[in-house]
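**Q** Just so we're aligned, residue 0 is where the sequence shown starts under numbering that gives the first Met the number 0, counting upward by one.
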Amino acid sequence: MMRTSALCIRCAIRQPRLRRVSISAMFIRRHIPLCESKSRLEQTSFYSSSSDGDGEKPAQTEETAAVETAIVEGNDISGMSTINIPDVFPIVPVLAINRYPLFPGFIKKVDIVKDDSLKHVIRNRVALKQPYVGVFVKQDDENKEEVVTSLSQLYNVGCFAQVRVIEMRDHGKVLELVLSAHRRIRMLEPVEEGSADESHKTLNGRRAGIRKKGLTIPKSVQPTVDRTSILLARTENVIAEPAERSNETKAKMQAVVQTIRDVVQYSALFGQQINLLLHPSQNVIENPVYLCDLVATLVQSADTKELQEMMEEISVSRRLDLALVLIQKEKTVAKLKYDINKDVEKKVQDQHRKYLLNEQLKIIKKELGLEKDDKSTIIERMEERLKDLKVPEYAMKVIKEEQQKLQFLDPHSSEFGVTRNYLDWLTNIPWGVTSEENNDLQKARTALDQGHYGMKDVKQRILEFIAVSILKKHVGGKILCLHGPPGTGKTSIAKSIAEALNREYFRFSVGGMTDVAEIKGHRRTYVGAMPGKMIQCLKKVHTENPLVLIDEVDKIGGAGYHGDPASALLELLDPEQNANFNDHFLDVPVDLSRVLFICTANVVDQIPGPLKDRMELIDVSGYLAEEKVEIAQQYLVPQARKETSLTEEQLVVDKSAVEHLIKYYCRESGVRNLQKHIDRVFRKAALEIADRSSSNSDESVPTIVVDKENLEKYVGRPKFPSDRMYEKTPPGVTMGLAWTAMGGSALYIEAVLKRPVDLASDKDGSLEITGNLGDVMKVCSLYVHVATFVHIHSGY
Numbered sequence: 000m001m002r003t004s005a006l007c008i009r010c011a012i013r014q015p016r017l018r019r020v021s022i023s024a025m026f027i028r029r030h031i032p033l034c035e036s037k038s039r040l041e042q043t044s045f046y047s048s049s050s051d052g053d054g055e056k057p058a059q060t061e062e063t064a065a066v067e068t069a070i071v072e073g074n075d076i077s078g079m080s081t082i083n084i085p086d087v088f089p090i091v092p093v094l095a096i097n098r099y100p101l102f103p104g105f106i107k108k109v110d111i112v113k114d115d116s117l118k119h120v121i122r123n124r125v126a127l128k129q130p131y132v133g134v135f136v137k138q139d140d141e142n143k144e145e146v147v148t149s150l151s152q153l154y155n156v157g158c159f160a161q162v163r164v165i166e167m168r169d170h171g172k173v174l175e176l177v178l179s180a181h182r183r184i185r186m187l188e189p190v191e192e193g194s195a196d197e198s199h200k201t202l203n204g205r206r207a208g209i210r211k212k213g214l215t216i217p218k219s220v221q222p223t224v225d226r227t228s229i230l231l232a233r234t235e236n237v238i239a240e241p242a243e244r245s246n247e248t249k250a251k252m253q254a255v256v257q258t259i260r261d262v263v264q265y266s267a268l269f270g271q272q273i274n275l276l277l278h279p280s281q282n283v284i285e286n287p288v289y290l291c292d293l294v295a296t297l298v299q300s301a302d303t304k305e306l307q308e309m310m311e312e313i314s315v316s317r318r319l320d321l322a323l324v325l326i327q328k329e330k331t332v333a334k335l336k337y338d339i340n341k342d343v344e345k346k347v348q349d350q351h352r353k354y355l356l357n358e359q360l361k362i363i364k365k366e367l368g369l370e371k372d373d374k375s376t377i378i379e380r381m382e383e384r385l386k387d388l389k390v391p392e393y394a395m396k397v398i399k400e401e402q403q404k405l406q407f408l409d410p411h412s413s414e415f416g417v418t419r420n421y422l423d424w425l426t427n428i429p430w431g432v433t434s435e436e437n438n439d440l441q442k443a444r445t446a447l448d449q450g451h452y453g454m455k456d457v458k459q460r461i462l463e464f465i466a467v468s469i470l471k472k473h474v475g476g477k478i479l480c481l482h483g484p485p486g487t488g489k490t491s492i493a494k495s496i497a498e499a500l501n502r503e504y505f506r507f508s509v510g511g512m513t514d515v516a517e518i519k520g521h522r523r524t525y526v527g528a529m530p531g532k533m534i535q536c537l538k539k540v541h542t543e544n545p546l547v548l549i550d551e552v553d554k555i556g557g558a559g560y561h562g563d564p565a566s567a568l569l570e571l572l573d574p575e576q577n578a579n580f581n582d583h584f585l586d587v588p589v590d591l592s593r594v595l596f597i598c599t600a601n602v603v604d605q606i607p608g609p610l611k612d613r614m615e616l617i618d619v620s621g622y623l624a625e626e627k628v629e630i631a632q633q634y635l636v637p638q639a640r641k642e643t644s645l646t647e648e649q650l651v652v653d654k655s656a657v658e659h660l661i662k663y664y665c666r667e668s669g670v671r672n673l674q675k676h677i678d679r680v681f682r683k684a685a686l687e688i689a690d691r692s693s694s695n696s697d698e699s700v701p702t703i704v705v706d707k708e709n710l711e712k713y714v715g716r717p718k719f720p721s722d723r724m725y726e727k728t729p730p731g732v733t734m735g736l737a738w739t740a741m742g743g744s745a746l747y748i749e750a751v752l753k754r755p756v757d758l759a760s761d762k763d764g765s766l767e768i769t770g771n772l773g774d775v776m777k778v779c780s781l782y783v784h785v786a787t788f789v790h791i792h793s794g795y
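As structure tokens, then:
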């Protein structure tokens, strides 16, 4: 993996024994220009120059000294001697970098971590006084490999760079290079490492004085080289077109410079970076090539393709156009960041100002005695709730103890929150508050008949309850259980009863409940503990005498890891115990004796015996056909008409259609399925009316009449054609009855003769009953067997 970071060449020159480079936030840039050294190399000047053949190139000194042949780890090569950069150097090692190209006149720090072959090649080149590399950008930004296997993986135009600093760190695992770029080059073809070494062997030996002294270059141990990797390449210089000093060029340059100034206004860091990058010897306005490379080095919002296009462009005029586009894009991004930061800073300042003002206001009010601390405010609010309540002494004692405890707790502690939550529940219970009962029998009878048809047993029992309350002059609680098949109105009648009695209504279902804590609450020691359903009910309804509907009591879960909910209901539904119901969370007795409990169930046999013993069972059986017709006409049809917004002038449902619907489509005990079919009739009629209205907008739509003749058009074919298969049952066939808690149906039972009957035999034969039949069906089968046997022996 190759890592790149920024480095100022001033630091690199002034510290010859460079081991580590400390980079501040201002220096976190990918390129830093060459700058003039003011250290011990006063005689040598390194100028930032874009040597594309058109810019002004400062004159270099003629002094040239030999570079050591062996690399001393951590040496600053640039500080040893001034090196004349060759104008032509065709074969260079290939350094592949990611994302940002290296432009002439700037430097880049590159780390080589994994590839030992590349390390070996570069160290050999430096030892042979050829510290030059070609820096090219990978076409795939996600490619993290340090070497490439094909030229197609790189852009073919890069930069010819000199290794200014070379250092080994991390115990020799990382080779750190500081590269200074000089000119643009184009990669032509890969070169094998051996052929390149032979071509420079004579030149390197002459420079090192080896031939004169008769010495030989020692052979170093070379690592294994991957032949598929491209380590060296043949290159050629990219010659840019001469820059024209025209007015158009000057205008473009001024536009670029002005945009840079605009960016500096939005980003202070951008201005600091420019101060670091600008070389004192360079006049930006007079050097368009340097200006373009400076822009490409500064921008961070450009992608790799845009920067590479700047690198490959040979026309200075076109290069200025590209630079203007890049710096304009950078200006847009900088302005957006500036606006975002400004908005965020304004919000933070407003919040901080508001916080300070609130704190000052609290202190002023506290000094004036206008406001108390949070604890006193909480306690006063609780006292206000208890002012009109008749709290028992034992409950008031607990409340006072908890309030005193609250005074000594830290408001930021977890115990403070637990205690406050506990007091909130205790003070929100309606101690001694009851709603006024309705003692008018006629009014109660009207309220019950208004919502439900039939159900005489249930209505009669509620009227008896009201009559006893009138004579006793005391309203108590009761536990009723309505049981019957689904769809008979058990749940809905409970709400009508609450309206008839003028009581608050609360419903919760225990179907599938397996946790006792749902009924009796959690202990306060648990995180997130809360009371059970009954305490939640009292807090919601604000009275001690609500009507509580416990739905699906026959489907309550069995005993398990979290206890037995059915056993927990025993204390709740026992009139002798619920006057002192103890919730685990409150741990204070609560009076539930005034609560009217109504339970619903489908199958009474599934209710646990001790729980069923505490209830008064009321059978809510299925409706007769005549009752279903009345329910449909009085309740279901008006409800469906209201939901679909269809008037009687648009749709008329005949009584014969309802009777036909009940007889051949809906034979269940309840009316839930009947309601679904009526809704279906209204929906299809609404669609038909809407289609007619859209096609005949000017004409009035005729009234749709649904009767038994056209009922099949709206609800489909009948599901129950007829139960009677025979007018007169033949021998061996009889009728039986199959029933469950959901309803019943008539079934035909037929006996099959397996072999001829020998009338002279004394054997009575045998009967085999197939299927899983109940006792009633088994009796019916025996009747068939006896009747058949008698019929056969009668000589038919």
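Note that CB positions come from ideal geometry on N, CA and C, so glycine has one too.
Mapping the DSSP letters down to three states, classify C665 as helix, strand or coil.
**A** Translated into the one-based positions of the sequence shown, residue 665 becomes position 666. In this structure, C665 counts as coil in the three-state DSSP scheme.
**Q** Tell me the DSSP secondary structure of T643 in three-state form.
**A** On the sequence shown, residue 643 is found 644 positions in, with the first residue counted as 1. Three-state DSSP puts T643 in a helix.
**Q** Could you tell me which whole beta strand (DSSP E) segments of length 3 or greater appear in the stretch 688 to 721?
**A** Segments of the beta strand (DSSP E) lying fully in the stretch 688 to 721: 703 to 705.
**Q** Would you check if the distance between the CB atom of L537 and the CB atom of L568 is smaller than 8 Å?
**A** Looking up residue 537 in the sequence shown gives position 538. Looking up residue 568 in the sequence shown gives position 569. No; because the gap between Cβ atoms is not below 8 Å, this pair is not in contact.
**Q** Is the beta carbon of D618 sitting closer than 8 Å to the one on G486?
**A** In the sequence shown, residue 618 corresponds to position 619, counting from 1. In the sequence shown, residue 486 corresponds to position 487, counting from 1. Their beta carbons are not under 8 Å apart, which means D618 does not touch G486 by this criterion.
**Q** Can you check whether the CB of H561 is closer than 8 Å to the CB of S495?
**A** Mapped onto the sequence shown, residue 495 falls at position 496. Mapped onto the sequence shown, residue 561 falls at position 562. No.
**Q** Quick check for students: name the residue ranges of the alpha helix (DSSP H) that lie wholly in the stretch 606 to 643, counting only runs of 4 or more.
**A** Complete alpha helix (DSSP H) runs here, min 4: 608 to 612, 624 to 630 and 636 to 643.
**Q** Take P607 as the anchor and find which of K554, V732 and I688 has the nearest alpha-carbon.
**A** Along the sequence shown, one-based indexing puts residue 607 at 608. When each option's Cα is compared against that of P607, the closest is K554.
**Q** Report the residue from L268, Y265, R317 and T303 whose alpha carbon sits nearest the alpha carbon of L290.
**A** Residue 290 sits at position 291 when you count from the first residue of the sequence shown. Among L268, Y265, R317 and T303, the Cα nearest to that of L290 belongs to R317.
**Q** Are the beta-carbon atoms belonging to R593 and G476 less than 8 Å from one another?
**A** The sequence position of residue 593 within the sequence shown is 594, counting from 1. The sequence position of residue 476 within the sequence shown is 477, counting from 1. Contact flag set, yes.
**Q** Is D573 a contact residue of the ligand FMN, with contact defined as CB to any heavy atom under 7 Å?
**A** For the structure depicted, the ligand FMN is absent and the ligand set is empty, with no information on it obtainable.
**Q** Rounded to whole angstroms, how far is the Cβ of E615 from the Cβ of L462, which I believe are closer than 8 Å?
**A** Numbered from its first residue, the sequence shown carries residue 615 at position 616. Numbered from its first residue, the sequence shown carries residue 462 at position 463. Going by Cβ atoms, the distance from E615 to L462 rounds to 15 Å, so no, they are not a contact pair.
**Q** Check this for me: beta carbons of L321 and E308, under 8 Å apart or not?
**A** If you number the sequence shown from 1, residue 321 lands on position 322. If you number the sequence shown from 1, residue 308 lands on position 309. Contact: yes.
**Q** Among residues of its own chain, excluding the 5 on either side of E648, which ones have a beta-carbon nearer than 8 Å to its beta-carbon?
**A** Taking the sequence shown and counting its residues from 1, one reaches residue 648 at position 649. If we look at E648 and ignore the five residues flanking it on each side, its Cβ neighbours are T702.
**Q** Does T331 come out as helix, strand or coil in the three-state DSSP assignment?
**A** For this step, residue 331 is matched to residue 332 along the sequence shown. T331 falls in the helix class under three-state DSSP.
**Q** On the premise that E401 lies in contact with L367, defined as a C-beta separation below 8 Å, what is that separation, rounded to the nearest angstrom?
**A** In the sequence shown, counting from the first residue as 1, residue 367 sits at position 368. In the sequence shown, counting from the first residue as 1, residue 401 sits at position 402. The pair is not a contact, with the Cβ atoms about 30 Å apart (cut-off 8 Å).
**Q** On the DSSP bridge list, what partners appear for G735?
**A** Along the sequence shown, one-based indexing puts residue 735 at 736. DSSP, once it has assigned bridges, lists L746 as partnering G735.
**Q** Considering only DSSP beta bridges, list what F580 is partnered with.
**A** To locate residue 580, count along the sequence shown from 1; it is residue 581. Answer is V589, bridged to F580.
**Q** Buried or exposed: which applies to V789, given that a residue is buried once 16 or more other Cβ atoms fall within 10 Å of its Cβ?
**A** Numbered from its first residue, the sequence shown carries residue 789 at position 790. Flag for V789 reads exposed.
**Q** Count the other CB atoms within 10 Å of the CB of Y713; is the residue buried (16 or more) or exposed (fewer)?
**A** In the sequence shown, counting from the first residue as 1, residue 713 sits at position 714. Label assigned to Y713: buried.
**Q** Go through its chain and collect everything with a Cβ distance to A446's Cβ below 7 Å, but skip five positions before and after it.
**A** Walking along the sequence shown from the start, residue 446 turns up at place 447. Here the set comprises S495, E498 and A499.
**Q** Can you give me the C-alpha to C-alpha distance between V651 and V705, rounded to a whole angstrom?
**A** Taking the first residue of the sequence shown as 1, we reach residue 651 at position 652. Taking the first residue of the sequence shown as 1, we reach residue 705 at position 706. The alpha-carbon atoms of V651 and V705 are separated by roughly 6 Å.
**Q** Start and end of the beta strand (DSSP E) containing V87?
**A** Position 88 of the sequence shown, counted from the start, is the residue given in the question as residue 87. Element bounds for V87: n/a, residue is neither H nor E.
**Q** Among I121, L686 and I597, whose alpha-carbon lies nearest the alpha-carbon of V700?
**A** The residue you call residue 700 lines up with position 701 of the sequence shown. Selected option, being the one with the closest Cα: L686.
**Q** For the beta strand (DSSP E) containing H482, name the first residue and the last one.
**A** Residue 482 sits at position 483 when you count from the first residue of the sequence shown. Where H482 is concerned, the enclosing beta strand (DSSP E) stretches over K477 to H482.
**Q** Given this structure, state the Cα-to-Cα distance separating K455 from I492, to the nearest angstrom.
**A** Start at 1 with the first residue of the sequence shown, and residue 455 comes out as number 456. Start at 1 with the first residue of the sequence shown, and residue 492 comes out as number 493. Spanning the two alpha carbons is a distance of roughly 12 Å.
**Q** Does the beta-carbon distance from T733 to T599 come in below 8 Å?
**A** Numbered from 1 along the sequence shown, position 734 holds the residue referred to as residue 733. Numbered from 1 along the sequence shown, position 600 holds the residue referred to as residue 599. Their beta carbons are not under 8 Å apart, which means T733 does not touch T599 by this criterion.
**Q** What does a CB cutoff of less than 6 Å around V603 pick up in its chain, not counting 5 residues either side in sequence?
**A** Locating residue 603 in the sequence shown gives position 604, counting from the first residue. The residues are H482.
**Q** DSSP beta-bridge partners for N724?
**A** Translated into positions along the sequence shown, residue 724 becomes position 725. Note on residue identity: the sequence assigns Met, not Asn, to residue 724. According to DSSP, M724 bridges with nothing at all.
**Q** Assign H170 to one of three DSSP states: helix, strand, or coil.
**A** Working through the sequence shown from its first residue, we reach residue 170 at position 171. Residue state, collapsed to three classes: coil.
**Q** For my contact list, A232 and V190 are in at a C-beta cut-off of 8 Å; report their separation, rounded to the angstrom.
**A** One-based indexing of the sequence shown puts residue 232 at position 233. One-based indexing of the sequence shown puts residue 190 at position 191. Rounded, the Cβ-Cβ distance is 6 Å, consistent with contact.
**Q** Do you know offhand how far A662's Cα is from R682's?
**A** By one-based count along the sequence shown, residue 662 stands at place 663. By one-based count along the sequence shown, residue 682 stands at place 683. Going by the sequence as given, residue 662 is Lys instead of Ala. Cα to Cα, K662 sits roughly 21 Å from R682.
**Q** Go through its chain and collect everything with a Cβ distance to F269's Cβ below 6 Å, but skip five positions before and after it.
**A** Locating residue 269 in the sequence shown gives position 270, counting from the first residue. Taken in chain order, the residues that qualify are V262 and V263.
**Q** For D169, count the other beta carbons within 10 Å of its own beta carbon; 16 or more makes it buried, fewer makes it exposed. Which is it?
**A** Position 170 of the sequence shown holds residue 169. Classification for D169: exposed.
**Q** Whose C-beta lies closer than 6 Å to the C-beta of V390 among residues of the same chain, with five residues either side of it excluded?
**A** Here residue 390 refers to the residue found at position 391 when the sequence shown is read from its first residue. Once the five neighbours on either side are set aside, the close Cβ partners of V390 are W430.
**Q** Between the alpha carbons of P410 and L595, how many angstroms are there, rounded?
**A** Taking the sequence shown and counting its residues from 1, one reaches residue 410 at position 411. Taking the sequence shown and counting its residues from 1, one reaches residue 595 at position 596. The alpha-carbon atoms of P410 and L595 are separated by roughly 41 Å.
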